[in-house]
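When the count follows the working numbering, it moves up by one through the sequence shown with no breaks and lands on 321 for the last residue.
Below you'll find the structure, written out as structure tokens, and then a few comments.
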Amino acid sequence: MKIVYLAGMGRSGSTIIGKVLSQLKDFFYIGEMKQVWKYGISKNTLCGCGLNFSDCPIWSSVISRAFGIRAKEIAQKMIYMQRNTLRERHAPIIRFLNNPMKFIDKRISQEYRWAINRLYQEIARVTGANIIVDSTKTATYGLLIKNILDCPVYVLHIVRDPGAVAYSWKRSKNHNISGIKVAMRRFSTIKTVLRWGIRNWSVEQALRPFVDGFMLVRYEDFVNNPKKLVRAILKFVHEDSDLSFIHNHKVSLKETHSVWGNPGRLLHGDIKIKLDNEWKISQSNVQRIIIKVLLCIYLYRYSYL
Ligand SMILES: [Zn+2]
17 MKIVYLAGMG
27 RSGSTIIGKV
37 LSQLKDFFYI
47 GEMKQVWKYG
57 ISKNTLCGCG
67 LNFSDCPIWS
77 SVISRAFGIR
87 AKEIAQKMIY
97 MQRNTLRERH
107 APIIRFLNNP
117 MKFIDKRISQ
127 EYRWAINRLY
137 QEIARVTGAN
147 IIVDSTKTAT
157 YGLLIKNILD
167 CPVYVLHIVR
177 DPGAVAYSWK
187 RSKNHNISGI
197 KVAMRRFSTI
207 KTVLRWGIRN
217 WSVEQALRPF
227 VDGFMLVRYE
237 DFVNNPKKLV
247 RAILKFVHED
257 SDLSFIHNHK
267 VSLKETHSVW
277 GNPGRLLHGD
287 IKIKLDNEWK
297 ISQSNVQRII
307 IKVLLCIYLY
317 RYSYL
């Protein structure tokens with residue numbers, strides 16, 4: 017088993033990239049696996065296939081094989097333990113420790129370690145996939161699974177122009193939780209810009225040194241030439257697959273079984289991949305200056321200047 021871990025700031029294109037990767041031979045996109053305990057097992061929200069988590073044939077099989085009748089009880093413990101293991105705020109600490117893995121070891125209980133191992137092992141068994149694509153995105157969850165799972169972890173660090181990301185976080189979007197529309201969190205430009213900077217710094221500084229491979233993926237490059245970028249990802253993880261489902265900017269997507277994430281994970285069929293440039297029209301000069309001043313180093317680093 018190999019893990020392809022999608023890291024970076026939310027609303028940077030990880031959902032569509034995960035769904036495209038899920039079409040590849042031996043790949044399986046699981047969505048934001050950190051949330052499986054809360055939104056999958058406990059709240060029974062929709063799987064990417066459109067069925068409730070407990071009705072999805074993939075997840076019902078994975079969870080019953082991994083945890084049997086104790087699944088709900090274990091999920092409650094995992095939600096509690098997750099709050100006390102590694103949090104995003106630990107990323108700057110990890111960056112400056114001499115032995116970060118020892119620090120992480122101390123924060124993981126045996127039970128948490130056991131449950132994570134059981135979960136990913138059964139995902140691989142039930143799906144028959146060799147490459148599991150996890151889009152949890154935070155640096156710290158990437159470190160946790162690298163520490164716990166006995167398999168290589170390859171990181172795709174996905175970045176997108178912070179102007180587009182800030183615009184997306186200001187728009188209203190809804191999650192569907194047990195048939196009820198629940199508004200997703202919204203953030204001001206300044207808050208998104210700060211989160212964008214911290215998240216990308218954490219991924220580069222705290223996660224990158226400990227994983228088995230690290231590849232920067234600009235969302236705009238993916239949109240510009242999806243096939244070229246997917247081919248590069250395949251090479252990066254030492255795999256090969258048929259890419260005939262990608263026709264220039266159109267992809268033919270079969271349903272996926274992602275747990276939690278952007279509502280776009282529910283879409284399948286023929287999908288056109290295109291850049292949404294609405295943000296450029298609505299962005300004010302003040303917002304443009306805030307982004308340029310606060311993120312100038314990263315804008316240069318990721319070729320957004
Ligand atoms: Zn499903």
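Glycine included, C-beta positions come from ideal geometry on N, C-alpha and C.
Residue i Cβ short of 7 angstroms to ligand 1 heavy atom set
{"i": "residue 283", "result": "no"}
{"i": "residue 64", "result": "yes"}
{"i": "residue 307", "result": "no"}
{"i": "residue 273", "result": "yes"}
{"i": "residue 72", "result": "yes"}
{"i": "residue 344", "result": "Residue 344 lies beyond the range of the chain shown here (17 to 321); nothing can be said about it."}
{"i": "residue 75", "result": "yes"}
Backbone CA spacing between residue i and residue j [nearest angstrom]
{"i": "residue 138", "j": "residue 279", "result": "25 angstroms"}
{"i": "residue 123", "j": "residue 212", "result": "26 angstroms"}
{"i": "residue 65", "j": "residue 274", "result": "8 angstroms"}
{"i": "residue 158", "j": "residue 186", "result": "27 angstroms"}
{"i": "residue 78", "j": "residue 135", "result": "7 angstroms"}
{"i": "residue 169", "j": "residue 149", "result": "10 angstroms"}
{"i": "residue 224", "j": "residue 90", "result": "31 angstroms"}
{"i": "residue 217", "j": "residue 308", "result": "16 angstroms"}
{"i": "residue 229", "j": "residue 256", "result": "17 angstroms"}
{"i": "residue 296", "j": "residue 303", "result": "11 angstroms"}
{"i": "residue 128", "j": "residue 300", "result": "46 angstroms"}
{"i": "residue 222", "j": "residue 111", "result": "5 angstroms"}
{"i": "residue 288", "j": "residue 73", "result": "28 angstroms"}
{"i": "residue 203", "j": "residue 92", "result": "29 angstroms"}
{"i": "residue 175", "j": "residue 21", "result": "14 angstroms"}
{"i": "residue 50", "j": "residue 265", "result": "31 angstroms"}
{"i": "residue 167", "j": "residue 298", "result": "45 angstroms"}
{"i": "residue 236", "j": "residue 246", "result": "13 angstroms"}
{"i": "residue 27", "j": "residue 249", "result": "20 angstroms"}
{"i": "residue 130", "j": "residue 151", "result": "21 angstroms"}
{"i": "residue 109", "j": "residue 37", "result": "33 angstroms"}
{"i": "residue 84", "j": "residue 239", "result": "42 angstroms"}
{"i": "residue 60", "j": "residue 71", "result": "9 angstroms"}
{"i": "residue 310", "j": "residue 210", "result": "8 angstroms"}
{"i": "residue 291", "j": "residue 321", "result": "18 angstroms"}
{"i": "residue 282", "j": "residue 39", "result": "15 angstroms"}
{"i": "residue 80", "j": "residue 67", "result": "17 angstroms"}
{"i": "residue 69", "j": "residue 47", "result": "13 angstroms"}
{"i": "residue 30", "j": "residue 173", "result": "9 angstroms"}
{"i": "residue 269", "j": "residue 106", "result": "37 angstroms"}
{"i": "residue 86", "j": "residue 56", "result": "15 angstroms"}
Reference residue i; option with closest CA among the options
{"i": "residue 53", "options": "257, 99, 303 and 205", "result": "99"}
{"i": "residue 118", "options": "132, 74, 75 and 164", "result": "164"}
{"i": "residue 305", "options": "35, 25, 178 and 29", "result": "178"}
{"i": "residue 259", "options": "33, 243 and 269", "result": "243"}
{"i": "residue 272", "options": "104, 318 and 32", "result": "32"}
{"i": "residue 254", "options": "30, 42 and 156", "result": "42"}
{"i": "residue 315", "options": "268, 234 and 238", "result": "234"}
{"i": "residue 140", "options": "75, 180 and 198", "result": "75"}
{"i": "residue 207", "options": "115, 182 and 18", "result": "182"}
{"i": "residue 155", "options": "241, 63 and 227", "result": "227"}
{"i": "residue 285", "options": "144, 17 and 35", "result": "35"}
According to DSSP, residues forming a beta bridge with residue i
{"i": "residue 19", "result": "148 and 169"}
{"i": "residue 174", "result": "233"}
{"i": "residue 47", "result": "150 and 275"}
{"i": "residue 63", "result": "275"}
{"i": "residue 135", "result": "Partner(s): none; residue 135 has no beta bridge."}
{"i": "residue 286", "result": "268"}
{"i": "residue 263", "result": "266"}
{"i": "residue 68", "result": "62"}
is_contact[residue i, chain B] using C-beta, thresh 8 angstroms
{"i": "residue 95", "result": "Within the model displayed, chain B is absent; a lone protein chain is all it includes."}
Distance cut-off 7 angstroms: residue i Cβ against heavy atoms of ligand 3
{"i": "residue 250", "result": "In the structure shown, ligand 3 is absent; the only ligands present are ligand 1."}
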